[in-house]
Amino acid sequence: MDALPVTEEVDLPFASKVKAMWNGKETGVMHACGHDAHVAILMAAAEVIAKQRSELPGTVKLLFQPAEEGLPIGEEGGAQLMLKEGAFDSPTPEAVFGLHVSSRLPTGVVSFRAGAVMAGSNTFRITVKGRQTHGAEPWRGVDPIVIGAQIVLALQTIQSRQVDVTSEPSVLTIGVFNAGNRQNIIPDKAEMQGTLRTFDEGMRDFIMRRVTETAEAVAKSGGAEAEVEWRASGYIPVVNNIRLTQRMAPTLKRVAGAGKLIEAPRVTGSEDFSFFARQVPGLFFFVGVTAPDTPLFKAAPNHSPRFQIDEAGLIVGLRAILHVTFDYLSGSGQ
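At position 328 of the sequence shown (counting the first as 1) the number is 343 in our numbering, and the numbers step up by one without a gap.
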């Protein structure tokens with residue numbers, strides 16, 4: 016359930032040895048974000064809820080959410096497809112809860128935040144079209160690699176010089192840069208892929224427009240062309256319903272214990288739980304999985320090939336999701 020194209024580097028007996036193809040390249044595959052832990056937590060919750068079925072003062076739906084990490088271009092999946100296929104139909108939920116394990120928190124700590132807690136994300140691809148020539152005679156062609164590098168640098172001026180950094184945070188990152196296949200041949204084209212993270216729709220629209228305008232203008236200045244493609248299936252920000260969050264905060268505090276429930280900072284990572292929380296009031300919180308004897312600054316982050324969890328955190332996550340479910344059904348906090 017939602018592994019990533021990352022080669023696992025942890026020394027564990029169950030470390031993944033699986034390989035797969037991603038974007039035309041063979042890569043290792045591992046659970047580098049903890050979604051296997053989420054499945055384990057929800058499976059355990061399913062057992063408990065099933066045993067208490069006759070005592071439930073309401074209906075519970077369990078959402079096993081595949082493809083949250085995104086799909087190859089052209090494929091469909093995740094929360095949006097689940098909703099499209101009727102996950103919230105017959106009956107429609109009154110509220111939705113979700114959690115995510117985090118290496119930023121020590122085991123036993125739970126964090127949450129009312130309002131916007133995770134950024135929206137938009138994926139883009141920039142194709143720079145130059146003219147191939149011999150690497151010893153660059154003046155006979157148009158070098159898309161040099162122009163592409165200039166575009167990468169120019170895009171960062173959008174963040175540093177064109178956006179009011181005091182209003183809302185945003186992140187613009189190029190994560191892929193591909194061009195050429197031989198050291199002495201300047202290729203016809205270069206391709207870049209990147210991600211934009213924002214909490215505000217107006218800022219998102221502005222940055223998207225400026226990315227396109229900047230790439231096209233820089234390419235033209237070097238005699239090339241740039242095509243910017245924004246992927247249609249972007250994620251919206253995760254926004255915790257303020258009233259629901261305030262209502263369930265005492266439950267999370269009781270589960271975590273004294274001093275172990277904290278306010279989460281806004282996170283520039285994204286989650287398509289956001290689409291569930293747009294349909295009905297939602298609460299998404301984080302559960303620590305870094306062992307107490309590991310300094311947090313040394314803990315490998317989610318998506319790292321060295322990411323691993325302290326399994327004691329699974330019990331905390333299980334108790335948290337069960338208690339918010341049962342307390343909500345029983346009307347606690349109303």
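Glycine included, every Cβ here is placed at the ideal spot set by N, Cα and C.
Would you call the CB atoms of residue i and residue j closer than 8 Å?
i	j	result
Gly150	Asp203	no
Val304	Ser31	no
Leu114	Phe299	yes
Identify, in the order they occur along the chain, each residue of the same chain with its Cβ nearer than 8 Å to the Cβ of residue i, setting aside the five sequence neighbours on each side.
i	result
Gln171	Leu187
Thr122	Gly303, Val304, Thr305, Ala306, Pro307, Asp325, Ala327, Gly328, Val331
Hey, how far is the Cα of residue i from the Cα of residue j?
i	j	result
Ala327	Leu19	23 Å
Val233	Leu168	10 Å
Met223	Pro87	21 Å
Ala271	Val124	6 Å
Gly249	Phe139	10 Å
Pro108	Ile166	46 Å
His338	Ala241	52 Å
Lys313	Asp325	14 Å
Thr42	Ser319	14 Å
Lys40	Met218	34 Å
Asp287	Ala273	31 Å
Ala65	Gln95	27 Å
My guess is that residue i and residue j are in contact by the Cβ rule of under 8 Å, so how many angstroms apart are they, rounded?
i	j	result
Ile162	Gly209	Rounded, the Cβ-Cβ distance is 16 Å, inconsistent with contact.
Leu267	Ala335	6 Å
Val44	Ala35	5 Å
Arg128	Arg246	Actually they do not touch by this definition, with Cβ atoms about 27 Å apart.
Glu183	Phe214	5 Å
Ala134	Arg212	4 Å
Check for me: the beta strand (DSSP E) holding residue i runs from which residue to which?
i	result
Leu276	276–278
Phe312	Run containing Phe312: none; DSSP gives neither H nor E here.
What residue range is occupied by the uninterrupted alpha helix (DSSP H) comprising residue i?
i	result
Ile166	159–172
Thr305	Element bounds for Thr305: not the alpha helix (DSSP H) but the beta strand (DSSP E), 297–305.
Thr266	257–271
Val178	Premise fails: Val178 is in no alpha helix (DSSP H) and is neither H nor E.
Spatial neighbours of residue i within its chain, please: CB distance less than 6 Å, with the 5 preceding and 5 following residues excluded, ordered by chain position.
i	result
Glu206	Thr142, Asn193
His46	Ala18
Arg293	none
Gly73	Leu344
Ala82	Gly92, Gly93
Within its chain, find whatever has a CB closer than 7 Å to the CB of residue i; leave out the 5 residues flanking it on each side and keep chain order.
i	result
Ala239	Val143, Lys144, Gly145, Val157, Pro159, Ile162
Arg321	Glu24, Val25, Ala315
Gln177	Arg225
Taking 8 Å as the CB-CB limit, is residue i close to chain D?
i	result
Gly150	Annotation note: the requested chain D is absent from the structure, which comprises a single protein chain.
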